[in-house]
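Participant:
Residue numbers (our numbering): 180 to 683.
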């Protein structure tokens, strides 16, 4: 029951974040303007690179909290207490270093890296300084958030996250509307919310673990046992950040700041598909791992295949609508014709690549469940060595459209070559069945549906809201069709129908 509640809570929180982003982004663009919104996009980029500082510590703490709270005695009380305070010491030092470094280079970034055209450079430098302070604070907050997650208080965490997200995204609208649309007010407000978030999460975490007051000290002996696990996670996380964020980092120094604001909009739209499919992966990873531990491999494969079908239904339905109606979506969302024209082709390639990524990720879930990540680390290492120089070349030669196409091509190659290799290694003979039964029927249905819609030649000469509702309606029709085509989707629909009949 706890697992089910946590899954529902995770989905609610993730869905809420997506909806809030959809609602507030065009308002930000309207109040701040294109170039100032580019600073918001740059802030999101800096937060993504913050993951490199984590070094695997946050997920490690989550694991240690679960172990600590799961024991019936207090034999590890002193050991865990030393570990926690040592990790806090590391995070606080790193947070201070980040804030100081960003402060020192903020002027250089504003003058030499970002392509600022109309904003005052002093204002830009000031905002970047605030970003550095916020990144340090949110970095420390991530430690306590992981600890709360490890205690399985995910329902509380989801509610708290939703409240904090509301303050971050909705609260600032009132500042921009009633006080000032100056971008400095935007980041000052976000700094206040970041401090509030840290206080709430740290207080809740200490209340859960009941180990007394906060103390600042460091013990190498306490952290030594967790270093191998933490460094393994840190390495794979670092590679992942490099693979997924290098293009955004390069473009922040290549594109004019207003165009980078457009790019931030495109990136947010394309990443939405990963956010919506993420909760499913969070739910199946522990289940598959448990089944493997119990030597129930047949049940593990069933979960694997069922989840593939469900993700395929969701992902392919959304990717088709967003990809083929990228201009209409961007325009109905932002109301900015220039941004929509600029970003439509870039969004097409990114959303296609992310759709493939969401389905390709299942090979990683399989490796994780079997507890063998050696192949995953090796492949990602090779991918970085190959893709990094190509991404750099594409960014400086063709800017955003170049890196978008490269992103799609690499995701497609990975799906066609790497996924079958992993399947052959862990579950020989499954790949053909996985493709033909779990993905292909949904893929074909999506293609046929989009061809029919294209043949009908729908008109989108309507008001923005009508266009948006029309796109949602088309997407829902496709989602229902794909649900009936997929075996698991059809079963779920029939269960809902039968339950309603019985209730009557």
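Glycine included, every Cβ here is placed at the ideal spot set by N, Cα and C.
Please report the straight-line C-alpha distance between residue 572 and residue 325, rounded to a whole angstrom.
Facilitator: Locating residue 572 in the chain shown gives position 393, counting from the first residue. Locating residue 325 in the chain shown gives position 146, counting from the first residue. Their backbone Cα atoms lie some 37 Å apart in a straight line.
Participant: Would you grab the beta carbon distance between residue 586 and residue 532 for me? Rounded to a whole angstrom, and I think it's under 8 Å.
Facilitator: Within the chain shown, the letter at position 407 stands for residue 586. Within the chain shown, the letter at position 353 stands for residue 532. 4 Å between Cβ atoms; contact.
Participant: Using a Cβ-Cβ cutoff of less than 7 Å, which residues in the same chain neighbour residue 494 once the five nearest sequence positions on both sides are dropped?
Facilitator: Your numbering for residue 494 matches position 315 in the chain shown. Same-chain partners within the cutoff: 452, 456, 534, 537, 538.
Participant: Which value, in whole angstroms, describes the spacing of the CA atoms of residue 601 and residue 615?
Facilitator: For the purposes of this step, residue 601 is taken as residue 422 along the chain shown, with counting starting at 1. For the purposes of this step, residue 615 is taken as residue 436 along the chain shown, with counting starting at 1. Rounded to the nearest angstrom, the two C-alpha atoms are 17 Å apart.
Participant: Any contact of the stretch 331 to 351 with the stretch 360 to 375, i.e. 3+ C-beta pairs under 8 Å?
Facilitator: As far as the Cβ criterion goes, the stretch 331 to 351 touches the stretch 360 to 375, which means the pair count is three or higher.
Participant: Tell me the DSSP bridge mates of residue 435?
Facilitator: Numbered from its first residue, the chain shown carries residue 435 at position 256. Per DSSP, 294.
Participant: With distances taken between CB atoms, is the gap from residue 226 to residue 317 smaller than 8 Å?
Facilitator: By 1-based counting over the chain shown, the position of residue 226 is 47. By 1-based counting over the chain shown, the position of residue 317 is 138. Taking 8 Å as the Cβ cut-off, residue 226 and residue 317 qualify as a contacting pair.
Participant: In whole angstroms, what is the alpha-carbon distance linking residue 669 and residue 608?
Facilitator: Mapped onto the chain shown, residue 669 falls at position 490. Mapped onto the chain shown, residue 608 falls at position 429. Cα to Cα, residue 669 sits roughly 25 Å from residue 608.
Participant: Label residue 663 either buried or exposed according to how many other C-beta atoms from any shown protein chain fall within 10 Å of its C-beta, with 16 as the threshold for buried.
Facilitator: The residue given as residue 663 occupies position 484 in the chain shown. The residue is exposed, with fewer than 16 neighbouring Cβ atoms inside 10 Å.
Participant: Could you check where the alpha helix (DSSP H) with residue 629 kicks off and where it finishes?
Facilitator: Position 450 of the chain shown, counting from 1, holds the residue named residue 629. Counting along the chain, the alpha helix (DSSP H) containing residue 629 begins and ends at 619 to 635.
Participant: At the 8 Å Cβ level, is residue 510 part of the contact set with chain D, yes or no?
Facilitator: The structure shown has no chain D; it contains just one protein chain.
Participant: Looking at residue 625 and residue 126, is the spacing between their C-beta atoms short of 8 Å?
Facilitator: With the chain running from 180 to 683 in the structure shown, residue 126 is simply not present.
Participant: How many Å lie between residue 251 and residue 212 at the Cα?
Facilitator: Indexing the chain shown from 1 puts residue 251 at position 72. Indexing the chain shown from 1 puts residue 212 at position 33. Low confidence applies here, because residue 251 scores a pLDDT of 48, under 50, leaving its location unreliable; read the following figure in that light. Between residue 251 and residue 212, the C-alpha separation is close to 56 Å.
Participant: Measuring straight from C-alpha to C-alpha, what distance separates residue 182 and residue 521?
Facilitator: Walking along the chain shown from the start, residue 182 turns up at place 3. Walking along the chain shown from the start, residue 521 turns up at place 342. Note that residue 182 has pLDDT 49, beneath the 50 cutoff, so the model's placement of it is unreliable and no number is given.
Participant: Any idea what DSSP makes of residue 524, helix, strand or coil?
Facilitator: Along the chain shown, one-based indexing puts residue 524 at 345. Residue 524: helix per DSSP, three-state reduction.
Participant: In chain order, what residues of the same chain lie with their CB nearer than 8 Å to the CB of residue 415, ignoring the 5 residues before and after it?
Facilitator: On the chain shown, residue 415 is found 236 positions in, with the first residue counted as 1. 552, 555, 556, 559.
Participant: For residue 379, which residues from the same chain have a beta carbon less than 8 Å from its beta carbon, with the 5 sequence-adjacent residues on both sides left out?
Facilitator: Against the chain shown, residue 379 aligns to sequence position 200. Excluding positions up to five away in sequence, the list reads 339, 343.
Participant: Check whether the stretch 645 to 665 touches the stretch 498 to 510, counting contact only when three or more Cβ pairs, one atom from each stretch, lie closer than 8 Å.
Facilitator: The stretch 645 to 665, when compared against the stretch 498 to 510, does touch it at the 8 Å Cβ threshold.
Participant: Ignore the nearest five residues each way along the sequence and tell me which others in residue 617's own chain have a CB closer than 6 Å to its CB.
Facilitator: Residue 617 sits at position 438 when you count from the first residue of the chain shown. Answer for residue 617: 484, 487, 488, listed in chain order.
Participant: Work out the CA separation of residue 266 and residue 260 for me, nearest whole Å.
Facilitator: Position 81 of the chain shown, counting from 1, holds the residue named residue 260. Position 87 of the chain shown, counting from 1, holds the residue named residue 266. Cα to Cα, residue 260 sits roughly 10 Å from residue 266.
Participant: Could you tell me whether the stretch 194 to 209 touches the stretch 284 to 293, using the rule of 3 or more Cβ pairs below 8 Å?
Facilitator: Counting Cβ pairs under 8 Å, fewer than three are found: no touch.
Participant: Taking the C-alpha atoms as reference points, what is the distance between residue 574 and residue 431?
Facilitator: For the purposes of this step, residue 574 is identified with residue 395 of the chain shown, where counting begins at 1. For the purposes of this step, residue 431 is identified with residue 252 of the chain shown, where counting begins at 1. Cα to Cα, the separation comes out at about 10 Å.
Participant: Please check the pair residue 191 and residue 337, which I expect to be a contact at CB under 8 Å, by giving their CB distance rounded to whole angstroms.
Facilitator: Position 12 of the chain shown holds residue 191. Position 158 of the chain shown holds residue 337. That belief holds up - the Cβ atoms of residue 191 and residue 337 are roughly 6 Å apart, short of 8 Å.
Participant: Kindly indicate which three-state DSSP category residue 380 falls into: helix, strand or coil?
Facilitator: For this step, residue 380 is matched to residue 201 along the chain shown. In this structure, residue 380 counts as helix in the three-state DSSP scheme.
Participant: Can you give the beta carbon distance from residue 581 to residue 436, rounded, assuming they're within the 8 Å contact cut?
Facilitator: Locating residue 581 in the chain shown gives position 402, counting from the first residue. Locating residue 436 in the chain shown gives position 257, counting from the first residue. That belief does not hold up - the Cβ atoms of residue 581 and residue 436 are roughly 19 Å apart, past 8 Å.
Participant: So, helix, strand or coil for residue 608, using DSSP?
Facilitator: Mapped onto the chain shown, residue 608 falls at position 429. DSSP places residue 608 in coil when its eight states are reduced to three.
Participant: Could you check what DSSP says for residue 550 in three-state terms: helix, strand or coil?
Facilitator: As a first step, residue 550 is located in the chain shown; it is residue number 371 there, counting from the start. Coil, per DSSP.
Participant: Could you give the DSSP three-state label for residue 542: helix, strand or coil?
Facilitator: Your numbering for residue 542 matches position 363 in the chain shown. The answer is helix: DSSP assigns residue 542 an H, G or I state.
Participant: Using CA atoms only, rank isn't needed, just tell me which of 263, 627, 274 is closest to residue 398.
Facilitator: Looking up residue 398 in the chain shown gives position 219. For residue 398, the nearest C-alpha among the options comes from 263.
Participant: Between the Cα of residue 228 and the Cα atoms of 204, 193, 292, 315, which residue gives the shortest distance?
Facilitator: Along the chain shown, one-based indexing puts residue 228 at 49. When each option's Cα is compared against that of residue 228, the closest is 315.
Participant: Suppose you measure from the CA of residue 386 to the CA of residue 354; what does that come to, to the nearest Å?
Facilitator: Here residue 386 refers to the residue found at position 207 when the chain shown is read from its first residue. Here residue 354 refers to the residue found at position 175 when the chain shown is read from its first residue. If you take the alpha carbons of residue 386 and residue 354, they lie about 33 Å apart.
Participant: Rounded to whole angstroms, what is the Cα-Cα separation between residue 613 and residue 541?
Facilitator: Counted from its first residue, the chain shown places residue 613 at position 434. Counted from its first residue, the chain shown places residue 541 at position 362. Computed Cα separation, rounded: 11 Å.
Participant: Is residue 670 helix, strand or coil by DSSP?
Facilitator: Counted from its first residue, the chain shown places residue 670 at position 491. The answer is helix: DSSP assigns residue 670 an H, G or I state.
Participant: Does DSSP put residue 332 in a helix, a strand or coil?
Facilitator: In the chain shown, the residue the question calls residue 332 occupies position 153. Residue 332: coil per DSSP, three-state reduction.
Participant: When you compare only the Cα positions, how much space is there between residue 438 and residue 219?
Facilitator: Taking the first residue of the chain shown as position 1, residue 438 is located at position 259. Taking the first residue of the chain shown as position 1, residue 219 is located at position 40. Cα-Cα distance, rounded: 12 Å.
Participant: Under the three-state reduction of DSSP, which class applies to residue 559: helix, strand or coil?
Facilitator: For the purposes of this step, residue 559 is identified with residue 380 of the chain shown, where counting begins at 1. Here residue 559 sits in helix by DSSP.
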